[in-house]
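Asker: Encoded as structure tokens, here's the structure I'll be asking about.
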Amino acid sequence: MTDSLLSLRGLSVWFPVGDRLFGRKAMLHAVEGVDLELRAGEALGIVGESGCGKSTLVRAILQLVRPTHGQVVWMGRRIEELPMNEVRPLRRDMQIVFQDPLASLNPRMTIGEIVAEPLRVHRPELDAAGRRREVEAILMRVGLSADIINRYPHEFSGGQCQRIGIARAMVLRPKLLICDEPVSALDVSIQAQIVNLLKELKRDFGMTIVFVSHNLAVVRRLCERVLVLYLGRTMELALTDDLYSRPLHPYTRGLLAAVPIPDPDLQPARLGTSLGGELPSPLSPPSGCVFRTRCPHAAPQCAREVPVFKHIEADRWIACLRWHELPADPGYGKPRAAGQQKASP
Amino acid sequence: MRSIPVTAEGTAVAATEPGLADRATASRPVLEIDALSVRFSTPDGEIPAVNDFSLAIRAGECVGVVGESGAGKSQSFLAVMGLLASNATVTGNARFDGRELLGRPASELNEVRGSRLAMIFQDPMTSLTPHMKVGEQIAESLVRHRKMPSAQARARALALLNRVHVTDAERRLDQYPHELSGGMRQRVMIAVALACDPVMLIADEPTTALDVTIQAQILALLAELKREQDTAMVLITHDLGVVAGIADRVAVMYGGRVVELGTVRQVLKSPRHPYTQALLRSMPRVDDAADAPLVTIPGQPPNPRSLPPGCAFHPRCQHAQELCRRERPPLLERDGTWLACHFPVELVDLGALGALGAPMSTLAAAAPEMPS
Numbered sequence: 010m011t012d013s014l015l016s017l018r019g020l021s022v023w024f025p026v027g028d029r030l031f032g033r034k035a036m037l038h039a040v041e042g043v044d045l046e047l048r049a050g051e052a053l054g055i056v057g058e059s060g061c062g063k064s065t066l067v068r069a070i071l072q073l074v075r076p077t078h079g080q081v082v083w084m085g086r087r088i089e090e091l092p093m094n095e096v097r098p099l100r101r102d103m104q105i106v107f108q109d110p111l112a113s114l115n116p117r118m119t120i121g122e123i124v125a126e127p128l129r130v131h132r133p134e135l136d137a138a139g140r141r142r143e144v145e146a147i148l149m150r151v152g153l154s155a156d157i158i159n160r161y162p163h164e165f166s167g168g169q170c171q172r173i174g175i176a177r178a179m180v181l182r183p184k185l186l187i188c189d190e191p192v193s194a195l196d197v198s199i200q201a202q203i204v205n206l207l208k209e210l211k212r213d214f215g216m217t218i219v220f221v222s223h224n225l226a227v228v229r230r231l232c233e234r235v236l237v238l239y240l241g242r243t244m245e246l247a248l249t250d251d252l253y254s255r256p257l258h259p260y261t262r263g264l265l266a267a268v269p270i271p272d273p274d275l276q277p278a279r280l281g282t283s284l285g286g287e288l289p290s291p292l293s294p295p296s297g298c299v300f301r302t303r304c305p306h307a308a309p310q311c312a313r314e315v316p317v318f319k320h321i322e323a324d325r326w327i328a329c330l331r332w333h334e335l336p337a338d339p340g341y342g343k344p345r346a347a348g349q350q351k352a353s354p
Numbered sequence: 160m161r162s163i164p165v166t167a168e169g170t171a172v173a174a175t176e177p178g179l180a181d182r183a184t185a186s187r188p189v190l191e192i193d194a195l196s197v198r199f200s201t202p203d204g205e206i207p208a209v210n211d212f213s214l215a216i217r218a219g220e221c222v223g224v225v226g227e228s229g230a231g232k233s234q235s236f237l238a239v240m241g242l243l244a245s246n247a248t249v250t251g252n253a254r255f256d257g258r259e260l261l262g263r264p265a266s267e268l269n270e271v272r273g274s275r276l277a278m279i280f281q282d283p284m285t286s287l288t289p290h291m292k293v294g295e296q297i298a299e300s301l302v303r304h305r306k307m308p309s310a311q312a313r314a315r316a317l318a319l320l321n322r323v324h325v326t327d328a329e330r331r332l333d334q335y336p337h338e339l340s341g342g343m344r345q346r347v348m349i350a351v352a353l354a355c356d357p358v359m360l361i362a363d364e365p366t367t368a369l370d371v372t373i374q375a376q377i378l379a380l381l382a383e384l385k386r387e388q389d390t391a392m393v394l395i396t397h398d399l400g401v402v403a404g405i406a407d408r409v410a411v412m413y414g415g416r417v418v419e420l421g422t423v424r425q426v427l428k429s430p431r432h433p434y435t436q437a438l439l440r441s442m443p444r445v446d447d448a449a450d451a452p453l454v455t456i457p458g459q460p461p462n463p464r465s466l467p468p469g470c471a472f473h474p475r476c477q478h479a480q481e482l483c484r485r486e487r488p489p490l491l492e493r494d495g496t497w498l499a500c501h502f503p504v505e506l507v508d509l510g511a512l513g514a515l516g517a518p519m520s521t522l523a524a525a526a527p528e529m530p531s
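So the sequence lines, in the order shown, correspond to chains E and V. Everything in the first sequence is counted per my numbering, starting at 10 for the first residue and increasing by one. Everything in the second sequence is counted per my numbering, starting at 160 for the first residue and increasing by one.
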């Protein structure tokens with residue numbers, strides 16, 4: 010495909026764990042058989058509970074962990090086989106912003122040094138003055154003032170540190186920006202500022218965004234497509250509006266129902282509707298469909314058969330054996346009724 | 160730890176016990192906090208963390224206390240529980256069941272804490288004892304407060320684990336906290352808190368560390384306890400969605416003070432303090448398909464070390480005027496809501512604000528008045 014920036018084909022990441030004393034090692038399947046085509050210029054959200062493999066998946070894209078099986082095709086080139094010294098130059102075009110804004114900035118470096126570091130590595134042709142120009146420009150672009158370059162991370166608030174982290178990632182103008190829970194550690198009033206900033210940057214620079222988050226409301230605001238992961242497997246992939254207004258996978262429905270809504274007329278009724286149970290151990294995943302132990306619609310066949318991640322309609326994939334026979338969704342993610350949404354004087 | 164209660168300037172307003180007025184006929188409050196202030200002495204000077212905090216909570220009622228970091232929401236209730244750091248100075252009153260809690264020695268507080276007045280915390284891993292079995296931790300308060308024989312306490316611990324819907328409860332009794340998942344640990348902590356049938360439960364960000372699905376389960380459990388056991392509850396959280404499902408009333412805190420207090424419908428459906436409004440608008444909603452940029456609150460929550468003069472919210476407020484920069488607005492009752500604002504927003508049904516994208520000032524002017 011011409012508009013594909015990155016494709017994952019049957020990507021699996023396994024970690025060896027456990028009993029080293031007797032030489033028996035179990036394999037933890039953190040990511041299992043993920044197929045994904047990332048389109049140039051889109052913002053893709055990846056959602057799921059902790060332990061669902063969200064972070065491992067994006068780290069495998071960056072080759073920060075090497076996949077156990079499958080392919081990572083970056084701009085037409087398989088990169089999972091490349092030695093690290095050939096992967097590193099590619100990172101100029103793929104950058105990441107982490108969750109904890111303060112912990113991801115070196116406390117002993119000035120803001121100027123932090124933001125200039127990617128330039129030193131990837132653009133050695135720039136001299137000090139050129140680097141400084143770039144650093145000042147990107148700092149101002151993310152809403153900071155250019156005169157902070159001689160200050161240190163601890164002098165800044167969480168929201169400002171996250172802006173610095175975004176500036177460091179954007180200073181190279183990457184083609185792909187991966188954001189791993191970038192607003193989760195921030196105060197509510199600051200989250201909106203960062204979400205808006207990412208939206209603006211995407212509009213201005215046109216980069217592709219992979220946005221990992223457990224906050225489904227934030228994902229809805231920022232992303233055009235959403236991938237739902239459960240126990241390292243892909244459950245559903247759809248355009249954002251379709252996924253929220255017509256979720257098909259029972260897990261997607263459960264996730265949406267669990268997000269609290271600040272409306273006392275709606276929220277009390279939602280409380281009793283969430284998913285039961287907890288994520289099973291990834292060391293011994295359930296047979297068949299891994300979600301069946303928590304699925305309100307599980308049938309005997311779900312224990313026997315592994316659902317294929319199927320392309321069921323335009324822009325929509327789902328891994329569920331029974332999706333076509335399930336009752337309609339109660340509609341927790343649907344927009345509020347028109348009467349409530351519009352002012353009616 | 161506590162100095163003599165003082166009636167500082169301005170407490171006259173708060174002393175009318177905000178929250179009692181809206182339900183004159185309701186039962187006597189379980190906990191009455193009056194003009195509570197918390198100050199920390201540090202090498203850099205005094206830090207006022209909580210100022211003039213007054214709240215009354217009745218049996219069976221759940222009050223949500225909402226605010227961002229540094230708003231003083233946790234410190235207020237840690238002060239009530241006598242759990243503040245040693246450099247704290249507390250003034251004011253907190254009467255629990257008619258008895259003053261503030262300034263009492265730990266030995267006396269321990270008769271109340273963990274038995275009739277219980278608290279659960281954000282991180283169940285650090286609040287549970289790592290080297291004690293789950294069953295023993297639940298039984299501990301029963302043995303201590305109720306002088307229950309240990310076999311009986313164990314049986315009651317089992318019943319409590321079942322009560323909070325812990326699966327496989329018999330086996331869990333002999334497990335250690337690290338063997339449990341985060342959601343399970345939070346259920347255990349709730350079981351510990353419920354052991355002696357408390358009349359009041361203070362929950363400090365009880366779901367913040369949990370996954371959204373597990374959060375929903377814990378919130379459903381708290382709602383069930385409130386419904387079935389008539390336990391008074393304080394729910395401290397930064398998430399307005401969390402209070403919407405359980406709370407009867409909501410107190411919004413900013414810069415160490417309550418800025419808005421009313422029923423959950425008043426505060427979430429027709430907020431009148433500019434901060435509450437802005438906070439609601441800046442939160443993306445999972446049921447909101449709008450594509451417009453989120454309304455943001457400029458700047459960041461104030462550091463209690465250097466609170467702005469006048470109204471602490473004025474540097475971030477779109478309605479701020481000269482008076483707001485100069486004079487701190489007292490907490491006053493207006494149309495059944497308690498508000499600390501010189502220029503409260505007109506009554507507006509937030510549901511009618513639609514796409515939530517328009518600037519606040521135009522909305523306030525254009526939106527129709529809500530029928531009461």
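Ideal placement from N, C-alpha and C gives every residue a C-beta, glycine not left out.
1) Under 9 Å, CB to CB, which of the residues in the region 248–270 of chain E have a partner in chain V?
2) Rounded to whole angstroms, what is the Cα-Cα separation between S286 of chain V and V189 of chain V?
3) Are L20 of chain E and G79 of chain E close, meaning C-beta to C-beta below 8 Å?
4) Taking CB distances under 8 Å as the criterion, tell me whether S283 of chain E reaches chain V.
5) Can we say the region 366–375 of chain V touches the region 193–207 of chain V, given the rule of at least three CB pairs closer than 8 Å?
6) Between which two residues does the beta strand (DSSP E) containing P25 of chain E stretch?
7) List, from N- to C-terminal side, the alpha helix (DSSP H) runs of 4 residues or more that fit wholly inside the region 105–153 of chain E.
8) Would you say E134 of chain E and L288 of chain E are within 8 Å of each other, going by their C-beta atoms?
9) Going straight from the alpha carbon of L360 of chain V to that of L276 of chain V, what length do you get?
10) Can you tell me whether D181 of chain V is helix, strand or coil according to DSSP?
11) Quick one: residues in its chain with C-beta nearer than 6 Å to the C-beta of Q345 of chain V, no 5 flanking neighbours on either side, listed in chain order?
12) Assuming the contact rule is C-beta atoms closer than 8 Å, F236 of chain V and I405 of chain V should be a hit. Round their C-beta distance to whole Å, please.
13) Residues in the same chain with beta-carbon distance under 6 Å from V43 of chain E, minus the five sequence neighbours each way, listed in chain order, please.
14) Using a C-beta cutoff of 8 Å, does E233 of chain E count as contacting chain V?
15) I'd like to check one pair, V26 of chain E with A39 of chain E: are the Cβ atoms closer than 8 Å?
16) With DSSP collapsed to three states, give me the class of G199 of chain E.
17) Quick one: Cα of A391 of chain V to Cα of R254 of chain V, how far?
18) S13 of chain E to I218 of chain E, Cα distance in whole Å?
19) Which chain V residues sit within Cβ distance under 8 Å of K208 of chain E?
20) Should I187 of chain E be flagged as near chain V, meaning a C-beta pair shorter than 8 Å?
21) Using a Cβ-Cβ cut-off of 8 Å, state whether G400 of chain V counts as contacting chain E.
22) A180 of chain V: buried (16+ other C-beta within 10 angstroms of its C-beta) or exposed?
23) Mapping DSSP to helix, strand and coil, what is C483 of chain V?
24) Which partner residues does W497 of chain V have in the DSSP bridge list?
25) Considering only their Cβ atoms, is the gap separating L261 of chain V from V271 of chain V smaller than 8 Å?
26) So that I know if they touch, is there some Cβ in chain E lying closer than 8 Å to that of Q374 of chain V?
27) Quick check: what's the CA-CA separation for H304 of chain V versus H432 of chain V?
28) Got a sec? Which residues, its chain only, sit under 8 Å from K385 of chain V by beta carbon, not counting five neighbours each side?
29) For the region 327–341 of chain V, which residues have a CB atom closer than 7 Å to at least one CB atom of chain E, in sequence order?
30) Out of E:S166, E:V180, E:W332 and E:K208, state which residue places its alpha-carbon closest to the alpha-carbon of A194 of chain E.
31) Check whether chain E comes within 8 Å of H397 of chain V, counting only Cβ atoms and requiring the distance to be less than that.
32) Quick one: which chain E residues come within Cβ less than 8 Å of T455 of chain V?
33) Under 8 Å, Cβ to Cβ, is there at least one residue of chain E near K428 of chain V?
34) Is it buried or exposed, S520 of chain V, if we count other Cβ atoms within 10 angstroms and call 16 or more buried?
35) Specify, as a first and last residue, the run of the beta strand (DSSP E) that K319 of chain E falls within.
36) How should R330 of chain V be labelled, buried or exposed, when 16 other C-beta atoms within 10 angstroms of its C-beta is the threshold for buried?
Answerer: So, from the data block:
1) T249, D250, Y253, S254, G263, L264, L265, A266, A267, V268, P269 and I270
2) 25 Å
3) yes
4) yes
5) no
6) S13 to V26
7) 120–131 and 137–150
8) no
9) 6 Å
10) Note that D181 of chain V has pLDDT 44, beneath the 50 cutoff, so the model's placement of it is unreliable and no number is given.
11) P283 and I377
12) That pair is no contact at about 16 Å.
13) L17, L20 and T243
14) no
15) no
16) In the sequence as presented, Gly is not what sits at residue 199 of chain E; that position holds Ile. In this structure, I199 of chain E counts as helix in the three-state DSSP scheme.
17) 14 Å
18) 13 Å
19) P452
20) no
21) yes
22) Note on A180 of chain V: pLDDT 42, under 50, position unreliable in the model; the coordinate value appears next. It is exposed - the Cβ of A180 of chain V has fewer than 16 other Cβ atoms within 10 Å.
23) helix
24) V:L420 and V:E492
25) no
26) yes
27) 44 Å
28) G219, C221, M392 and I405
29) S340
30) E:S166
31) yes
32) S198, A201, Q202 and N205
33) yes
34) Below a pLDDT of 50, predicted positions are generally treated as unreliable, and S520 of chain V, at 36, falls in that range; no measurement from the model is reported.
35) K319 to E322
36) exposed
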